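Just so you know, the sequences run in chain order A and B. Going by the working numbering, the first residue of the first sequence is number 1, and it counts up by one from there. Going by the working numbering, the first residue of the second sequence is number 1001, and it counts up by one from there. As structure tokens, the structure follows; a few thoughts come after it.
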Amino acid sequence: MRSADRNPGPRAGATAAQSESVDESIAQERERVLHHEQEQDLAASAAAQALASVAAEPGSSKPDPILVAKKVSRRFGGLLAVDVEHLEVQRGTLTALIGPNGAGKSTFFNVVSGFDKPTSGTWRFNGREMAGLSANRIARLGMVRTFQLTKALTRMTALENMMLGATDQLGEHFLPSLIRPLWRAQDKQIEVRADNLLEHFNLAHMRDQFAGTMSGGQRKLLEMARAMMVQPDLLMLDEPMAGVNPALTQSLLGHIQALRDGGTTVILVEHDMDVIMSISDWIVCFAEGRVIAEGRPDDIRSNQAVVDAYLGSQRALPRKQEE
Amino acid sequence: MDWVGIFSSALSDMIGPFAAIYALAAVGLNLHFGYTGLLNFGQVAFMLVGAYGVGVAVVTFSLSLWWGILVAILASVVVALILGIPTLRLRGDYLAIATIAAGEVLRLFFNSTYTEPVTNGAFGLGPTNNEFNALNPIPNGTYQLGPFQYTSSALWVMLVTWSLVALACVLVFLLMRSPWGRVLRSVREDELAARSLGKSVYGYKLQSLVLGGVLGGLAGVMYTMDISTQFPNNFDPKVTFYLWVIMTLGGAGRIIGPVVGAVIFWFLFSFLGAFLGELFPGANTGAARIAIVGLILMLLMVFRPAGILGDPEEMRLEVR
Ligand SMILES: Nc1ncnc2c1ncn2[C@@H]1O[C@H](COP(=O)(O)OP(=O)(O)OP(=O)(O)O)[C@@H](O)[C@H]1O
Ligand SMILES: [Mg+2]
């Protein structure tokens, strides 16, 4: 079941109603999340089952990988920002990418999504070799990413931003674009889909506003919703929750999980450990460009390498002060 | 001072042949910059190859006007591809540099002694418009309506060129309300975002460059139909500068922005020419006229950066 079915009534014109119903909506949200968690167990177990027999070690192979990266590296001058020996991402799972700042997570995203060229290495997506393909080609093949620094199309409305995401639009070809009846019906369908998603992301009231007038958090939401319009097989989200308020974060997590349950593979970069531990099926930890650990949340929690790399710097700080 | 004469000529030029020709070229430039964000600083290059495409075909090779127009369009397409294919994958600045250079290189090339057998170089190529004038349905003579005064051949050029402008505006309107136009605007806003959604940014930029270039080429065709004998130096970088003034004046990214811009620009330009001419009889006031146009552009940028038709709020969104 998709969370769409459980969504409360339309939120259009929410600005006025919002202030009164904040408490109510948070309560609803909690209820929804709790409700969701119960269901989640089922779906999560499906994803988890697939990974049950997988060894929790860097580079372990998965039963049905959607993405396989081999010896992918990216060097910036003297800095080896990414140096992934082997990494597989299981189809249908929600895989989290964690690691300290500057660990190379975003660079890894850039490389596999075609926005940056690797210094070396190859990767396969859906069994297809991707190295050398352009970013737009890779996106069309079903691997869509969002950016850590949001890229809203500022002088286009929220709706236009969304509708741009839809693929295979006849009206995007030069000659058919001149003849409206050819693409009108398709455009209407896309608009309906866009409106639904805007609703889900609490952006319905911004529908006809320029994206440039939106707040930072709203832009993050818009970008994520827009990526979903592409209906990719693999969705790669680079810190989608940064700057989004906690109540909405819960509902977004629900949405991401629902997406996973619907069959989309999700890779998520996130710094909030509570979020990571509660929603991911599999966690990959980066440090200094390498994959230093992989595993289920429980494996990662007790992994000494992760604690050292990820929390080590934070621990070191107070210690320094003591001296 | 002959105010009646000054205003009469300014009003006549406001919708005269040059206003129409510049409007047509500016519609193309608006497609490039206003909708796609392409920095084309050499729109005059398209006008040049348009004018010389038809000129060389008609005068040098004695082909019919229609073949000439076809050659002009093909030449514009070729220039767009030559400029676009190597630069559109790179950052925007590269297209800017390439287009500035292309305009100047073409002007010098068509002026050179090597090409003289074909282009007649600095001696000028003409007459290019015999066949066009033969098609003129308006009887010979001078026509006057209030302050507006035109010869029949000027009226013929105006009729054809303003019709082309109207067609071009309809074309841009149809394109921009379609999903094709949506992709084009997304390219203007953020190329990487467009690519992350699977749009072939390069392909759309190239389409835009070609289409806007062809409009520039057609403007060149109408230019030579108007002046009959053309010289490479007619196509100096000033023309591109005026086109940018026209587009910004009207409002970049507005369908009829270039039309409004061209009308206002030619009124001011003609007014200044006549006014300064009367103020300083016998003096060469050309430079002063251009300086004042520059000043007006500066004031516009300060007080109305989005142009006459543009939305200042929308403009401000760019700066974050
Ligand atoms: N374009 C670039 N040029 C030079 N160095 C770069 C570039 N992009 C990234 N780096 C370096 O590569 C390393 C990895 O950066 P990256 O952005 O991938 O980190 P990250 O894991 O996403 O960090 P964060 O959690 O802070 O977003 C950093 O040390 C960064 O300085
Ligand atoms: Mg990052």
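Using N, Cα and C, we set each Cβ at its ideal position, and we do this for glycine too. Everything numeric in this text was worked out from a predicted model, so none of it was measured.
beta-carbon residue i near ligand 1 non-hydrogen atom, thresh 7 angstroms
{"i": "A:F115", "result": "no"}
{"i": "B:G1261", "result": "no"}
Coil, strand or helix - residue i by DSSP
{"i": "B:I1015", "result": "coil"}
{"i": "A:F210", "result": "strand"}
{"i": "B:R1254", "result": "coil"}
{"i": "A:M130", "result": "coil"}
{"i": "B:F1231", "result": "coil"}
{"i": "A:Q321", "result": "With a pLDDT of 40 at A:Q321, under the threshold of 50, the modelled position of that residue is not reliable, and the figure given next carries that caveat. It is helical."}
{"i": "A:K188", "result": "helix"}
{"i": "B:L1039", "result": "coil"}
{"i": "B:Y1223", "result": "helix"}
{"i": "A:A166", "result": "coil"}
{"i": "B:R1304", "result": "coil"}
{"i": "B:S1009", "result": "helix"}
{"i": "B:T1119", "result": "helix"}
{"i": "A:S215", "result": "coil"}
{"i": "A:A152", "result": "coil"}
{"i": "B:S1112", "result": "coil"}
{"i": "A:D308", "result": "helix"}
{"i": "B:L1021", "result": "Here residue 1021 of chain B is Ile; the residue named in the question, Leu, does not match the sequence. Three-state DSSP puts B:I1021 in a helix."}
{"i": "A:H173", "result": "coil"}
{"i": "B:G1216", "result": "helix"}
{"i": "B:G1310", "result": "coil"}
{"i": "B:M1298", "result": "helix"}
{"i": "A:N303", "result": "coil"}
{"i": "A:I138", "result": "helix"}
{"i": "A:D341", "result": "Since the first residue of chain A shown is 1 and the last is 323, residue 341 of chain A is not available in this structure."}
{"i": "A:S19", "result": "With a pLDDT of only 48 at A:S19, under 50, the local geometry of the prediction cannot be trusted, and the value read off the model is given with reservation. It is helical."}
{"i": "B:L1031", "result": "helix"}
{"i": "A:L178", "result": "coil"}
{"i": "B:M1001", "result": "coil"}
{"i": "A:L221", "result": "helix"}
{"i": "B:L1399", "result": "Nothing in the structure corresponds to residue 1399 of chain B, since chain B is present only between 1001 and 1320."}
Cβ-heavy atom distance, residue i to ligand 2, below 7 angstroms
{"i": "A:D238", "result": "yes"}
{"i": "B:V1054", "result": "no"}
{"i": "B:Q1207", "result": "no"}
{"i": "A:Q148", "result": "yes"}
{"i": "A:V269", "result": "yes"}
Paired residues, beta bridge with residue i - DSSP
{"i": "A:M143", "result": "A:L234"}
{"i": "A:T157", "result": "A:F210"}
{"i": "B:L1125", "result": "B:Q1230"}
{"i": "A:R124", "result": "A:V68 and A:E129"}
Along the chain, which unbroken stretches of the alpha helix (DSSP H) at least 4 residues long are found entirely within the stretch 227-301 of chain A? 246-261, 273-279 and 297-301
Segments assigned alpha helix (DSSP H), at least 4 residues, entirely inside the stretch 34-122 of chain A: 105-112
Environment of ligand 1 in chain order, Cβ to heavy atom below 5 angstroms: A:F76, A:A81, A:N101, A:G102, A:A103, A:G104, A:K105, A:S106 and A:T107
With a floor of 4 residues, list each alpha helix (DSSP H) that falls wholly inside the stretch 1046-1105 of chain B, ordered by position along the chain. 1065-1087
In the stretch 1128-1207 of chain B, which residue ranges form an unbroken beta strand (DSSP E) of at least 3 residues, counting only runs that do not cross its ends? Runs of the beta strand (DSSP E) lying entirely within the stretch 1128-1207 of chain B, each at least 3 residues long, are 1142-1145 and 1148-1151 in chain order.
At which residue ranges does the stretch 1235-1284 of chain B contain complete beta strand (DSSP E) runs of 3 or more residues, listed in the order of the chain? The qualifying runs do not exist here; there are none.
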